[in-house]
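Working notes for the structure below.
Laid out in structure tokens, this is it:
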């Protein structure tokens, strides 16, 4: 009779109380977190330094300087709110601010309307390769220098030898004094500005149209919406967030217009195309009245902030978020 010998069990080792705990990985080490924090500050330092030197400090200096009278040569003297009072009472400044508001209303309406119409046409009627071409073509003027574009346009709209009047003469229309009459010069400034800046709004609308679901248009077609009714009841409501962004950026940019009227007309004839930024420039660098220039800049900034706040306030009623 054979007997089976059970296998010998190995004795379990008791846990050693003095055994050290497993070391943490390098990712969670305190020293590594400290070095990452310093590395982040190193990368952020150029941006923070640049914004501080070229944005924050000039803004604070302009606000402070608005309460002083300073011409660079003599020491600044505190005058309180006298600069603001003189700016408000100056008829040239008042005319320039009115011109700026009128320019913003007309130019922004044309810019957004043209950009939206072309975006709908390109997005719906053009093949894919043509969309790429038009996106690049319409955005290209924005890359160019505003001063160089204005110089070129000044020759195109010249009354004696401009190409525009030459084309008009081919159909029997007499030469138009584009840059020597108040109405003509204002029209040229607006046209040049819109031509150069509508490409940015165009790209925004293209992105907004691409984000609208196709099923929404299919449902609208089933309900009988076609043509302009489809865009009125579907496209415009769903595109309202993009329209808000485009309008805010367009108005802020138009309120600061300077290059086009300065190069094309120098603010003339008379003060018909003089803008708020042109008055700031002339006060500071031609008459050396830096206090009044800063006061005008502060007033323009307040106007921009007020209009932007009003836009966002009204957006709660008219902007539809999906």
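Residue numbers (this note's numbering): 18 to 339. The beta carbon of each residue, even a glycine, is placed where N, CA and C say it ideally should be. Nothing here was measured: the structure is a model prediction, and the numbers come from that model.
Residue j beta carbon less than 9 Å from that of residue i
i: residue 166; j: residue 277; result: yes
i: residue 261; j: residue 332; result: yes
i: residue 161; j: residue 128; result: no
i: residue 301; j: residue 293; result: no
i: residue 239; j: residue 325; result: no
i: residue 77; j: residue 316; result: no
i: residue 202; j: residue 289; result: yes
i: residue 176; j: residue 208; result: no
i: residue 89; j: residue 305; result: yes
i: residue 230; j: residue 338; result: no
i: residue 182; j: residue 174; result: yes
i: residue 312; j: residue 62; result: no
Given residue i as reference, the closest of the options once Cα atoms are compared
i: residue 113; options: 314, 335 and 234; result: 314
i: residue 297; options: 308, 288, 224 and 138; result: 308
i: residue 159; options: 210, 130, 175 and 183; result: 210
i: residue 133; options: 110, 87 and 263; result: 263
i: residue 156; options: 171, 174 and 135; result: 135
i: residue 126; options: 271, 139, 299 and 330; result: 271
i: residue 206; options: 234, 106 and 120; result: 120
i: residue 323; options: 227, 265, 249 and 107; result: 265
i: residue 236; options: 172, 247 and 71; result: 247
i: residue 100; options: 85, 91 and 58; result: 85
i: residue 171; options: 109, 199 and 279; result: 279
i: residue 295; options: 256, 145 and 115; result: 115
i: residue 80; options: 335, 327, 318 and 145; result: 318
i: residue 275; options: 299, 234 and 256; result: 299
i: residue 227; options: 200, 139 and 249; result: 139
i: residue 336; options: 251, 106, 193 and 303; result: 251
Residue range of the alpha helix (DSSP H) that includes residue i
i: residue 72; result: Segment: none, residue 72 is in no alpha helix (DSSP H) and carries neither H nor E.
i: residue 123; result: 108-142
i: residue 318; result: 307-335
i: residue 277; result: 276-281
i: residue 257; result: 257-272
i: residue 238; result: 231-239
i: residue 182; result: 180-187
i: residue 299; result: 293-302
i: residue 156; result: 145-160
i: residue 87; result: Note, residue 87: premise wrong, no alpha helix (DSSP H); not H, not E.
i: residue 167; result: 163-173
i: residue 244; result: Taken as a continuous stretch (DSSP letters only), residue 244 belongs to no alpha helix (DSSP H), as it is neither H nor E.
i: residue 212; result: 199-227
Proximity test, Cβ basis, 9 Å: residue i and chain B
i: residue 117; result: Absent here is chain B; the protein component of the structure consists of one chain.
The ligand COA heavy atom lying under 8 Å from the CB of residue i
i: residue 259; result: Questions concerning the ligand COA fall outside what the structure shown contains, since it holds no ligand whatsoever.
Buried versus exposed call for residue i [16 or more other C-beta atoms within 10 Å across all chains shown]
i: residue 49; result: exposed
i: residue 232; result: exposed
i: residue 40; result: Below a pLDDT of 50, predicted positions are generally treated as unreliable, and residue 40, at 49, falls in that range; the measurement from the model is reported next regardless. Residue 40 should be labelled exposed.
i: residue 345; result: There is simply no residue 345 to check, as the chain begins at 18 and stops at 339 in what is shown.
i: residue 42; result: Bear in mind that a pLDDT of 47 at residue 42, under 50, signals an unreliable position, so the number given afterwards is only what the model happens to contain. Exposed: under 16 other Cβ atoms inside 10 Å.
i: residue 64; result: exposed
i: residue 329; result: exposed
i: residue 178; result: exposed
i: residue 163; result: buried
i: residue 71; result: exposed
i: residue 180; result: exposed
i: residue 291; result: buried
i: residue 216; result: buried
i: residue 57; result: exposed
i: residue 124; result: buried
i: residue 59; result: exposed
i: residue 110; result: buried
i: residue 256; result: buried
Original post:
With a cut-off of 8 Å, do at least 3 Cβ pairs link the stretch 148-158 to the stretch 188-208?
Top reply: no
**OP:** Give a yes or no on contact between the stretch 82-101 and the stretch 220-238, applying the rule of three or more CB pairs nearer than 8 Å.
**Re:** no
**OP:** Could you tell me whether the stretch 131-150 touches the stretch 282-290, where touching means 3 or more Cβ pairs closer than 8 Å?
**Re:** no
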